[in-house]
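Residue numbers (the working numbering): 258 to 526. Where a beta carbon is used, it is the ideal one built from N, C-alpha and C, also for glycine. Predicted model, so just to flag it, every value in this text is computed and none were measured. Here's the structure, in structure tokens; my notes come after.
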């Protein structure tokens, strides 16, 4: 009987594969061993020291089953134009598997320099950190490490647009700006036909007026409207100077188009 069962299993291997009890052929583990791969570590903070020629980089290393993380290290450092560029990596066999490493644990690595760090910017994994009051703070993606003091500067107004519910391709047109208020018009999606308008495509999108108040972190939205005049902002904040909105026209729409394809153009443009 044992010989017959072995023969049947051999036949099953030929037809569909003979799997272990409790598994199907599709569930049979791959014979290829998992490989460790290197990726950029998740940086949570940068602190000064130990000593004036070092900084400490704090990392959230992956945790979970074996294979989540090993060898968190400083892979590369370069110093240029008052900036120290640092690459911090970790190795994992499971980082590409969604949910395989659900937790993290704090790990620190030390970055050293031949000279004191002083006030130099430390850019770790392409994210700059600057020293402010003796503490390293992550620089703003829009404003950089040293934003201008004038909040009407284009650096601040561009950052204000990035915080609005508009396309990432939208650009604002400043109508008025002072220490307290910013008024600008911004189209909803000027790139609805692509960053470069496709031949024969027309963009016709709403333009809204935004009223923003000065805040510690830049500009804070108070009201938006597609209408002319003061109704939207004066309803939201009666302290807004009426003289600055009484003559404002309706923002209208943003319309642009590309010429159609020539009649002898090949298929696909």
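Considering Cα atoms alone, identify which of the options is closest to residue i.
i           : options            : result
residue 297 : 322, 335, 348, 340 : 348
residue 422 : 325, 400, 446      : 446
residue 382 : 424, 334, 435      : 334
residue 362 : 428, 316, 444      : 316
residue 528 : 365, 358, 322, 342 : Missing from the structure shown is residue 528; the chain here goes from 258 to 526 and no further.
residue 401 : 413, 320, 392      : 413
residue 418 : 407, 399, 433, 403 : 399
residue 232 : 410, 495, 458      : Shown here, the chain extends from 258 to 526; a query on residue 232 therefore has no answer.
residue 358 : 483, 485, 323, 397 : 323
Where does residue i fall in DSSP's three states?
i           : result
residue 471 : strand
residue 464 : strand
residue 340 : strand
residue 423 : coil
residue 310 : coil
residue 394 : strand
residue 476 : strand
residue 386 : strand
residue 418 : helix
residue 410 : coil
residue 297 : strand
residue 508 : coil
residue 501 : helix
Return the Cβ separation of residue i and residue j in integer angstroms, given the expectation that the two are a contact with Cβ distance under 8 Å.
i           : j           : result
residue 300 : residue 312 : Contact flag wrong, Cβ pair sits at about 12 Å.
residue 405 : residue 466 : At roughly 24 Å, the Cβ-Cβ gap does not stay under 8 Å, so residue 405 and residue 466 are not in contact.
residue 226 : residue 343 : An answer regarding residue 226 cannot be provided, because it is not within the stretch 258 to 526 covered by the chain.
residue 305 : residue 352 : About 30 Å separates the two Cβ atoms, so there is no contact after all.
residue 443 : residue 460 : About 14 Å separates the two Cβ atoms, so there is no contact after all.
residue 471 : residue 437 : 5 Å
residue 433 : residue 501 : 6 Å
Is residue i close to chain B, meaning its C-beta is less than 7 Å from at least one C-beta of that chain?
i           : result
residue 377 : Absent from the structure is chain B; it holds one protein chain and no more.
Give the DSSP bridge partners of residue i, in chain order.
i           : result
residue 401 : 397
residue 350 : Paired residue(s): none; residue 350 is not in a bridge.
residue 363 : 317
residue 327 : 348
residue 481 : 467
Can we say the stretch 475-486 touches the stretch 447-462, given the rule of at least three CB pairs closer than 8 Å?
No contact exists between the stretch 475-486 and the stretch 447-462.
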